[in-house]
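One structure is given below, encoded as structure tokens.
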Amino acid sequence: MHPMLKPALRRAWRGRNTVQFGVTPAHAVTLGPMDIATGSFLELLDGTRGLPLLREEARALDLSDRHVDILVSRLTQAGLLDDPDAGGPEADALRRRAETLERQRPDAAALSVVHPAPGGGLRRLAARRAMRVQVRGAGRVGAAIAAVLSGSGVGHVEVLDGGRTEPWDVAPGGLPASSVGERRDTAARQLVRRSSAGGPPRTGGTGGVPPSTDPALSLIVVAPRDGLSVYAPDPDDAAPWIASGTPHLYAGVIEATGVVGPLVLPGGTGCAGCLALHRAEADPQWPRMLAQWRSGRRTCVQACDLGLATAVAGLAASHALSFLDGELPACTGARWEAAMPLLDWRSERLGPHPDCACGAAGHTEVELTSAAGAAQDTMAG
Ligand SMILES: [Zn+2]
Numbered sequence: 010m011h012p013m014l015k016p017a018l019r020r021a022w023r024g025r026n027t028v029q030f031g032v033t034p035a036h037a038v039t040l041g042p043m044d045i046a047t048g049s050f051l052e053l054l055d056g057t058r059g060l061p062l063l064r065e066e067a068r069a070l071d072l073s074d075r076h077v078d079i080l081v082s083r084l085t086q087a088g089l090l091d092d093p094d095a096g097g098p099e100a101d102a103l104r105r106r107a108e109t110l111e112r113q114r115p116d117a118a119a120l121s122v123v124h125p126a127p128g129g130g131l132r133r134l135a136a137r138r139a140m141r142v143q144v145r146g147a148g149r150v151g152a153a154i155a156a157v158l159s160g161s162g163v164g165h166v167e168v169l170d171g172g173r174t175e176p177w178d179v180a181p182g183g184l185p186a187s188s189v190g191e192r193r194d195t196a197a198r199q200l201v202r203r204s205s206a207g208g209p210p211r212t213g214g215t216g217g218v219p220p221s222t223d224p225a226l227s228l229i230v231v232a233p234r235d236g237l238s239v240y241a242p243d244p245d246d247a248a249p250w251i252a253s254g255t256p257h258l259y260a261g262v263i264e265a266t267g268v269v270g271p272l273v274l275p276g277g278t279g280c281a282g283c284l285a286l287h288r289a290e291a292d293p294q295w296p297r298m299l300a301q302w303r304s305g306r307r308t309c310v311q312a313c314d315l316g317l318a319t320a321v322a323g324l325a326a327s328h329a330l331s332f333l334d335g336e337l338p339a340c341t342g343a344r345w346e347a348a349m350p351l352l353d354w355r356s357e358r359l360g361p362h363p364d365c366a367c368g369a370a371g372h373t374e375v376e377l378t379s380a381a382g383a384a385q386d387t388m389a390g
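Each residue of the sequence shown is one higher than the last, beginning at 10 in our numbering.
Quick look at the structure:
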């Protein structure tokens, strides 16, 4: 072990003998009492020294071996220590791809803050490489989500859409102007490849995935160009994902409202069918209007504010990554919405409906948590 204080967390003395690691309340930790000598010793925890050398240099500061051991143990328990060699074989494989890791250093640093164990952040980052995500839709929102997932280290990102790129599909972070007139799926595939932090996954060897055996889908992101299919998702479209137990996340823009969620864990959280049933209960006229909206011919270009679309894509990608990393992000069974011009993000829980065939009604949060953990274990294995 070569203990290293997580560089992502800024350090400051909070009064005479307490040190605070981290700025924001979400991840900040305070440790004390801490004397000046121990404070100086912290400077040595930069990942270049093993424990024997640390003990030796501590003696020069009049700190005993036991003091060093207790301090290192406390720092580890507080989630403040990283180790440049920890994280398992996938993390080691990522370290050997120096150029990829260089590009992903900020992502690795962010994950190190979230995952307390030494090497935990890099382990999660490396595990993304074996994961497969399908993005359905290559408009302003869908293409940008696919690009962000690819750039964040997800090894297999596929994009499904039809037709050819229109001028209004073009977006910074999404499809480029040069792709106008090209097939959308081809343009999106190129975008994914260009955005990848390390090029396409290697085949064979340690950590590689042979081309003939694509890993199972970890997640589907439903980001159609038609925002109505996100705001009022069609239960029939989702039926195969419910049947196969595939987690899916909705994201899009309708009129001047951005929508992220719900993330549906089939049989665990409310699905498109649950949502439709709740809506019809709350507003008996809703199904009638929905039928009209769906059947209406849409020849005009749909409203989609570029800033809002980019925000939706970023938030959705971030929630997707959190789920892939083994967490249950705030869009699990809930939907985040922001409407122009105030763009005040608000969430609404979308609970299971007892009459829905998905069977989510009656499940508990504890079961969901263990389901997400199991998904991470399988995917990382
Ligand atoms: Zn349902």
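Ideal Cβ placement from N, Cα and C applies to all residues, glycine included.
Residue i: first and last residue of the uninterrupted alpha helix (DSSP H) it sits in
i: W250; result: P244 to S253
i: Q86; result: D74 to Q86
i: R130; result: According to the sequence shown, residue 130 is Gly rather than Arg. G129 to A136 is the extent of the alpha helix (DSSP H) around G130.
i: T109; result: A107 to R112
i: S159; result: R149 to G160
i: G277; result: From DSSP, G277 is part of no alpha helix (DSSP H); its letter is neither H nor E.
i: A310; result: In the sequence as presented, Ala is not what sits at residue 310; that position holds Val. Run containing V310: none; DSSP gives neither H nor E here.
i: L51; result: I45 to L51
i: L237; result: L237 to Y240
Enclosing beta strand (DSSP E) for residue i [first to last residue]
i: E346; result: A343 to A348
i: V2; result: Given that the chain is displayed from residue 10 to residue 390, the structure contains no residue 2 and the question cannot be resolved.
i: L352; result: Note, L352: premise wrong, no beta strand (DSSP E); not H, not E.
i: V32; result: Premise fails: V32 is in no beta strand (DSSP E) and is neither H nor E.
i: E167; result: H165 to L169
i: H328; result: Not the beta strand (DSSP E): H328 falls in the alpha helix (DSSP H), residues L315 to L333.
i: R20; result: R20 to W22
i: R58; result: From DSSP, R58 is part of no beta strand (DSSP E); its letter is neither H nor E.
i: A260; result: H257 to I263
i: R297; result: R297 -> not in any beta strand (DSSP E); alpha helix (DSSP H) instead, spanning W295 to S304.
i: T39; result: V38 to L40
Cβ shell of residue i (< 7 angstroms), same chain only, five flanking positions each side left out
i: R288; result: W295
i: I229; result: Q143, R145, W250, T255 and H257
i: A37; result: Q29, F30 and G31
i: R104; result: L110
i: D94; result: H11
Nonlocal neighbours in the same chain, by C-beta distance under 6 angstroms from residue i, ignoring five residues either side
i: L169; result: R145
i: P361; result: G279, C283, A369 and A370
i: H328; result: P338 and C340
i: P244; result: A281, G282 and A285
i: L18; result: F30 and G31
i: G130; result: A117, L120, S121 and H124
i: V166; result: V142, A155, L158, S159 and V201
i: R106; result: G207
i: A196; result: T174, L184 and S188
i: V310; result: W177
Closer than 7 angstroms: residue i CB and nearest ligand 2 heavy atom
i: A369; result: Summarising the ligand content, the structure contains ligand 1 and does not contain ligand 2.
Distance between beta carbons of residue j and residue i, contact taken as under 8 angstroms
i: M13; j: L90; result: 7 angstroms
i: A155; j: G267; result: Wrong, their Cβ atoms sit about 18 angstroms apart, outside the cutoff.
i: H470; j: G59; result: Missing from the structure shown is residue 470; the chain here goes from 10 to 390 and no further.
i: V150; j: V273; result: In fact, because the Cβ distance is near 18 angstroms, the residues do not count as touching under 8 angstroms.
i: R344; j: S356; result: 7 angstroms
i: G148; j: R234; result: 4 angstroms
i: L40; j: R83; result: 7 angstroms
i: G48; j: D92; result: So it is not a contact: roughly 21 angstroms between Cβ atoms.
i: R132; j: S161; result: Actually they do not touch by this definition, with Cβ atoms about 15 angstroms apart.
i: Q113; j: L134; result: 6 angstroms
i: L333; j: S227; result: 6 angstroms
i: V269; j: L324; result: 5 angstroms
i: A35; j: L70; result: That belief does not hold up - the Cβ atoms of A35 and L70 are roughly 33 angstroms apart, past 8 angstroms.
Neighbourhood of residue i by C-beta distance below 8 angstroms, restricted to the same chain and skipping five residues each side
i: T215; result: For T215, the pLDDT reaches just 40, beneath the cut-off of 50, and the residue's location in the model is therefore unreliable, leaving the point undetermined.
i: S73; result: A67
i: L192; result: The sequence as given places Arg at residue 192; Leu does not occur at that position. So the qualifying residues of the chain are G172, R173 and T174.
i: E108; result: G207
i: Y240; result: G261, I263, T266 and V268
i: R25; result: none
Assigned exposure category for residue i - 16 Cβ within 10 Å defines buried
i: A312; result: exposed
i: S304; result: exposed
i: P363; result: exposed
i: T308; result: exposed
i: V28; result: buried
i: T33; result: exposed
i: R23; result: exposed
i: W354; result: exposed
i: T57; result: exposed
i: V262; result: buried
i: A153; result: buried
i: P181; result: exposed
i: L110; result: buried
i: L184; result: buried
i: V163; result: buried
If you scan the region 175 to 210 from start to end, which runs of the alpha helix (DSSP H) of 4 or more residues do you find wholly inside it?
-> The qualifying runs are 193 to 204.
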